[in-house]
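Colleague: Protein chains in written order, with full-length UniProt numbering: chain A, 1 to 199; chain B, 1 to 199.
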DNA sequence: CCTACCGATCGGTAGG
DNA sequence: CCTACCGATCGGTAGG
């Protein structure tokens, strides 16, 4: 344990996440990636078997992070508005803490081969289902408005938490918790002023 | 006017939008594109000068559509909540009516050469500014909540209207107007039930 | 992990 | 708009 360096394979995945997110999967060559790690192109294949393996692993790791963050919430007994707030926080935290792989996840999953592609599609459905269940629970409880369209409400929430990958800047003045609290306040309470002041 | 076919150059741009959005810019070869149009790879260069020219034109056309939709709203005198509703409708309509080029716009602009890249970055700032002004106006008028953080509110609205490119399906049961009305209702009125019913 | 290389494919051009 | 081609670069491999 005196060696503080990450295993070479993890370094490769980190570099790949960064380069794929900046330039895109197809525009990043294996020689670009090797150069970023200070080695020759062919040397990468001592650690990995193919370029697509890297993409698959990056996307899988991102999926797993979302899963771990959200699905532990499923069982918890909590009013739905509070649960929605917590889900948004966890979701945004995953995006914010993994900006590179989240960007790869949102942009490059279409380039996966059919099996991996289908897995991602299926996974996205489970995330949709998670939010729809949560909102349905809220409507049934009476904490959320009775006239909500469940599907559209889930899209709206997912828009807010996913789109963060385009504008969030780690290390800035906003922590993931701040973003989530503000978004949840606005979504739950609405943007319109309480008094319908008409001059 | 007896010829109903589009000019060849427009056909090329349409095919390019579709292929770039499905497979990505770098994963689409000029031979793929030519094949989609029933011609040989080299023949494309009778109509265009380079692959990047196609990307630039697709991105520029998309920007122009957003501009035309939104900036005509700027001058209109209208309560800010209503103006926000109308802006969301127009924004979503541009996305919905141009799913391919909107997808290319959101995913592939990073692959532009420095000058075109900088132009897109600058353009995005003007869209941000448009929404921030609109929200500021609403706060000053009293139609929107006084405690809103302008920047975060603009991000939330932009999330909702932009993320539609990932899930909207033209020809489905939801027209752009429906999406915009539902999103605006939820955003303005909030998701929480009016009566704080606590059993 | 490097050197040297493979066949395939890339964007683009010349000449017709 | 086609044929035939250019140099460059791609992902990946063999042998050390």
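Glycine is no exception: its CB is placed at the ideal position from the N, C-alpha and C atoms.
These figures come from a predicted structure and were not determined experimentally.
Within 8 Å (strictly less), CB to CB, does residue 110/A reach chain B?
Modeller: yes
Colleague: Quick one: which chain A residues come within Cβ less than 8 Å of residue 131/B?
Modeller: In chain A, no part has a C-beta under 8 Å from the C-beta of residue 131/B; the shortest such distance is about 12 Å.
Colleague: Buried or exposed for residue 125/A, please, with buried defined as at least 16 other CB atoms from any protein chain shown within 10 angstroms of its CB.
Modeller: By the Cβ-count criterion, residue 125/A is exposed, with fewer than 16 other Cβ atoms from all chains shown falling within 10 Å of its own Cβ.
Colleague: Can you say whether residue 171/B is buried or exposed, counting buried as having 16 or more other CB atoms within 10 angstroms of its CB?
Modeller: With fewer than 16 Cβ atoms within 10 Å of its Cβ, residue 171/B is classed as exposed.
Colleague: Give a yes or no on whether the C-beta atoms belonging to residue 90/B and residue 130/B are separated by under 8 Å.
Modeller: no
Colleague: For residue 145/B, which option in 31/B, 188/B and 184/B has the closest C-alpha, if you only look at C-alpha atoms?
Modeller: Ranking 31/B, 188/B and 184/B by Cα distance to residue 145/B puts 188/B first.
Colleague: When you compare only the Cα positions, how much space is there between residue 42/B and residue 49/B?
Modeller: 11 Å
Colleague: What's the gap between the Cα of residue 57/B and the Cα of residue 65/B?
Modeller: 12 Å
Colleague: Excluding sequence positions up to five away, which residues of its chain have a Cβ less than 6 Å from the Cβ of residue 153/B?
Modeller: 135
Colleague: With 16 as the cutoff for other CB atoms within 10 Å, does residue 198/A come out buried or exposed?
Modeller: Bear in mind that the predicted position of residue 198/A carries a pLDDT of just 44, short of 50, making it unreliable; the figure below should be weighed with that in mind. By the 10 Å Cβ count, residue 198/A comes out exposed.
Colleague: Can you check whether the C-beta of residue 183/B is within less than 8 Å of a C-beta belonging to chain A?
Modeller: Yes, residue 183/B lies at the interface with chain A (some Cβ there is under 8 Å from its Cβ).
Colleague: Tell me residue 144/A's beta-bridge partners as DSSP assigns them.
Modeller: Residue 144/A is bridged by DSSP to 192/B.
Colleague: Have a look at residue 190/B and residue 45/A and give me their C-alpha separation to the nearest angstrom.
Modeller: 53 Å
Colleague: Could you check if residue 81/A is buried or exposed, using at least 16 other CB atoms within 10 Å of its CB as the buried criterion?
Modeller: buried
Colleague: Taking the Cβ atom as the reference point for each residue, do residue 176/A and residue 93/A lie within a distance shorter than 8 Å?
Modeller: Yes, the pair counts as a contact, with Cβ atoms nearer than the cut-off.
Colleague: Can you give me the C-alpha to C-alpha distance between residue 99/B and residue 5/A, rounded to a whole angstrom?
Modeller: 45 Å
Colleague: Could you tell me the distance, in whole angstroms, from the CA atom of residue 148/A to the CA atom of residue 159/A?
Modeller: 16 Å
Colleague: Taking Cβ to Cβ, would you say residue 156/A is nearer than 8 Å to residue 186/B?
Modeller: In this structure, residue 186/B lies closer than 8 Å to residue 156/A by Cβ.
Colleague: Note the first and the last residue of the continuous alpha helix (DSSP H) segment covering residue 6/A.
Modeller: Per DSSP, residue 6/A belongs to no alpha helix (DSSP H) and is neither H nor E.
Colleague: Tell me whether the beta-carbon of residue 107/A lies closer than 8 Å to the beta-carbon of residue 27/B.
Modeller: No. Outside cutoff.
Colleague: Determine the contact status of residue 85/B and residue 16/B, defining contact as a CB-CB distance below 8 Å.
Modeller: The criterion of a C-beta distance shorter than 8 Å is not satisfied by residue 85/B and residue 16/B.
Colleague: Please check if any C-beta of chain A sits within less than 8 Å of the C-beta of residue 88/B.
Modeller: no
Colleague: Out of 178/A, 174/A and 137/A, point me to the one whose CA is closest to residue 192/B's CA.
Modeller: 137/A
Colleague: Which of the three DSSP states is assigned to residue 1/B in this structure?
Modeller: In this predicted model, residue 1/B has a pLDDT of only 49, less than 50, meaning its place in the structure is not dependable; the value taken from the coordinates is given anyway. DSSP, reduced to helix, strand and coil, places residue 1/B outside both helices and strands of the structure shown, so it counts as coil.
Colleague: Taking the CB atoms as reference points, tell me whether residue 59/B and residue 105/B lie closer together than 8 Å.
Modeller: yes
Colleague: Let's see if you can read the secondary structure: which residues bound the alpha helix (DSSP H) around residue 35/A?
Modeller: 30-36
Colleague: Helix, strand or coil: how does DSSP classify residue 98/B here?
Modeller: coil
Colleague: Using a C-beta cutoff of 8 Å, does residue 159/A count as contacting chain B?
Modeller: yes
Colleague: Anyone know if the C-beta pair for residue 47/A and residue 24/B falls short of 8 Å?
Modeller: It is not a contact, given that the beta carbons lie outside the stated cut-off.
Colleague: Among 121/A, 133/A and 116/A, whose alpha-carbon lies nearest the alpha-carbon of residue 76/A?
Modeller: 133/A
Colleague: Could one say the Cβ of residue 81/B lies closer than 8 Å to chain A's Cβ atoms, at least one of them?
Modeller: Interface residue, yes.
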